[in-house]
Structure formats: structure tokens, C-alpha cells
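In what follows, a single structure is set out as C-alpha cells and then discussed.
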Amino acid sequence: MCKVIGELVEKLYKYNSLSKEELIYLIKGINDDNKELLIEAANRTRIEHYGNKVYMRGLIEFTNYCKRNCKYCGIRVANKNLDRYRLTKEEIIQCVKNGKTLGYSTYVLQGGEDSYFDDEKMVEIIKAIKSMYPQDAVTLSIGERSYESYKKMYEAGADRYLLRHETASRKLYERLHPDGDYDNRVRCLWNLKEIGYQVGAGFMVGLPGQTTEDLVEDLLFIKKLEPHMCGIGPFIPHKDTPYRLEKHGRLDDVIIMLAITRLLLPNVLLPATTALGSISDKGREKGIKAGANVVMPNLSPINVRDKYSLYNNKICTGDEAAECRRCIENRINNIGFDIDLGRGDNLNWTRG
Ligand code: 5AD
Ligand code: FES
750 MCKVIGELVE KLYKYNSLSK EELIYLIKGI NDDNKELLIE AANRTRIEHY
800 GNKVYMRGLI EFTNYCKRNC KYCGIRVANK NLDRYRLTKE EIIQCVKNGK
850 TLGYSTYVLQ GGEDSYFDDE KMVEIIKAIK SMYPQDAVTL SIGERSYESY
900 KKMYEAGADR YLLRHETASR KLYERLHPDG DYDNRVRCLW NLKEIGYQVG
950 AGFMVGLPGQ TTEDLVEDLL FIKKLEPHMC GIGPFIPHKD TPYRLEKHGR
1000 LDDVIIMLAI TRLLLPNVLL PATTALGSIS DKGREKGIKA GANVVMPNLS
1050 PINVRDKYSL YNNKICTGDE AAECRRCIEN RINNIGFDID LGRGDNLNWT
1100 RG
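Under the working numbering, the residue at position 278 of the sequence shown is numbered 1027, and the numbers go up by one with no gaps.
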């Protein structure tokens, strides 16, 4: 078994591809004795493509209003226990300025699907940031919108868009998203690519009912889509959702998905997510060692932090932006990596 796993890892390292059957075999055959083979190959691939740099993005969670009802998510519209907030344009700009002072050059504006932030408002915010810092990157993460909306925001200067596909298994997707449309989600990702954004897809690991076969669908999906970024983190239950009593995704399962993703897409930008850091103290460090090369510390004002509650036990909700900035840099340095505060564009990408 071990020999076969080693061979599969070598094949993946060399060709950046495996069949569905091989991926299933690999994931099912990974154990404590052979997982280092996979992690080491993923690390080697990352070093060859990006060196030992870990890119930093400043995250601004600017609205927790959301019209959707994803069963796993704490800001779902049905959650009436949540104190909802929206940052004003001025507050958002203040977060960006604060980020700039701390050395950032990428700002991620993330929020629920909030109709208040229509195209006009988003364009205004994007233009305001780009006119202050034209060289810096603006990333949006505000869910499904029309092609025209994505295009307007791109033309206003937005550079990147994060829209996790959440799970590539249609059956599981439909179970998790009672009001969702799988085909539309996938269409949005292709639209974003066509428009010219650097696109981030991604999925959760350990979702209720998720199987190895479902995870392999995620891997095959991202291999086909070739996103510039891919956010992978554990599912974590939230007390005010139907999944309150479910278990969170396992650290090792996330690490294995990160490593395989690095090997399938050597140039991908791969965050060591906050959710990964939330299930284990050294989660993000382990993610980085397995091929992750991005971190997204929080720049949101401290008084709204705990309201952006996607899942419980989220780290950093009480820490000022400057503290997270320092803490994460130390953590990265302690495992032999260096932070990079540049834009950190995907190696495959040039703005058209
Ligand atoms: N556990 C882990 N991740 C979650 N997200 C939303 N809810 C949860 C949860 N309960 C993730 C989704 C979303 C991203 C912003 O946060 O993948 O795309
Ligand atoms: Fe926020 Fe460590 S990264 S406190």
C-alpha cells in the first residue's frame, strides 16, 4: 500500500494530475505513516513556484447582512440571533488606510449577499480605494451576482473575486443550499474568469454527509476550472444553524486537500484559512507547510469582529489589525517562511 501511495504522490508531483480513481485511492490510503510524502511533495512544488514567501491580504468584513440561507453559515438570513451591521464607505476606507499603514497592498472586501450594496455603491467604493492606491489590489467576495454586475465592478478597478464553489457535488450542494442553484454558482465562476478577474474558488472539508468521492469531485472541479486562488477550510458548526450539533472538519483532512490542491495546480494561491487556525492552534502553520502560501488577517473594526460570525470559535475576533499582523508574521517566521506584503498576483495572470 505504502509503495503505491508513494508512486501516486510522485506521479502527482511530476504530472500535476491524477484520475478520479487514483485520487480516491490516494486519499483513502493516506495515513500517519505516509502523509509526510504528500506534504513534502506539495511543499517542494510550492518552493519551486513561489519560494518561501507567504502573501498577506487584509480582510475587511464590511456587511453581515445576507439574503441567502446556507445551512452551515452563521450569517444566514434565518438567523435572527445575529446583530447585523454594515460599514459605511468611510469606515471601509478607514480600514483600507489602516491596512496600508500596516504595509498591506491587497484588500479583500467580504460580505454576505447584501442588496444594499448595489453596483453603484460597490463601484463608488472600489473607485475610491483605487484612486488612493492605484497599484494595490482590490479583491471582492460578495457572492453571486449577474455578469453585468461583475463586469461593472471589474471596470471600476476590482482585480480579484473570491467565490468558493463550497462543494462540487451537486447533490451535497443542493442539500446545503435550500435556496441555491448549483449551475448558477458554477456559471458565476466561469463568468468571473471570462471578465478577467483573478478568481478564487474553494470548498469546505468535513461538511455533514460529505464523502471522499465528494472531495474528489472538488479536486477534479478545480483542476478543470483552474482558479487563480483556492480557499479550503474545515466546516465548523455554528450554534444558530441547523448544523449546530455536527462535528467540525478534521485538521488532517484539510491538510491533505491543501497538499493535493498544490500538486494539481502548482501556481495556485492557497490560503491557510482562519477556519483552519480556528480548529487547531497550529492549523495555519501546518497548512503553510503543506503548500499554502497566503494568509488573510483581519482589518475589520474590532467592534464588528464577532458579528461576522460564519462559524463558532473563530480566532482573532478580539485582536486589533496590528496585533494580527504581528502575530501572523511571527508564526510564519517561526516555521521558516517569510511574509510578502506585495500584491502577490498569481504567476499565470496579467490584467488584460
Ligand atoms: N464553517 C466553515 N466555513 C464556513 N463558511 C461559511 N460558513 C462556514 C462554516 N460554518 C465559509 C464558506 C464561505 C466562506 C466565506 O466561509 O466557504 O464561502
Ligand atoms: Fe490574529 Fe494571530 S493572526 S491574533
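Every residue, glycine too, gets a C-beta built ideally from N, C-alpha and C. Nothing here was measured: the structure is a model prediction, and the numbers come from that model.
Among SER1029, TYR992, PRO986, which residue has its Cα nearest to the Cα of ILE1004? Ranking SER1029, TYR992, PRO986 by Cα distance to ILE1004 puts SER1029 first.
In or out: LEU912 buried (at least 16 other Cβ within 10 Å) or exposed? By the neighbour-count rule (16 or more Cβ atoms within 10 Å), LEU912 is buried.
Using the C-alpha atoms, what's the distance from TYR865 back to GLY1040? Cα to Cα, the separation comes out at about 38 Å.
Reduced DSSP category for GLN843 - H, G, I as helix; E, B as strand; rest coil: Helix, per DSSP.
From the DSSP output, in three-state form, read off ASP863 for me. Residue state, collapsed to three classes: coil.
Which residues bound the beta strand (DSSP E) around TYR910? Per DSSP, TYR910 is one residue of the beta strand (DSSP E) stretching across 909-911.
Compute every distance between the C-beta of HIS987 and the non-hydrogen atoms of the ligand 5AD, then say whether any falls below 8 Å. Yes, since a heavy atom of the ligand 5AD falls inside the 8 Å radius drawn around the Cβ of HIS987.
Give me the Cα-Cα distance between ARG1011 and TYR946, rounded to the nearest whole angstrom. Approximately 21 Å between the Cα atoms of the pair.
Looking at the strands, I want to know which residues DSSP matches up with PHE952. Answer is GLU915, ILE981, bridged to PHE952.
Per-residue DSSP class, three states only, for ASN940: In the three-state DSSP reduction, ASN940 falls in the helix class (H, G or I).
What first and last residue would you give for the beta strand (DSSP E) that runs through PHE1086? First-last for PHE1086: undefined, no H or E at that position.
With a 10 Å radius around its C-beta and 16 neighbouring C-beta atoms as the bar for buried, classify ILE1077 as buried or exposed. Classification for ILE1077: buried.
Which partner residues does ARG1011 have in the DSSP bridge list? According to DSSP, ARG1011 bridges with nothing at all.
Below 6 Å CB to CB, which residues in the same chain sit around LYS900 once its five sequence neighbours on both sides are set aside? Excluding sequence neighbours, LYS900 sits near ILE944.
Compute the Euclidean distance between the alpha carbons of SER898 and CYS937, then round it to the nearest angstrom. Roughly 11 Å separates the two Cα atoms.
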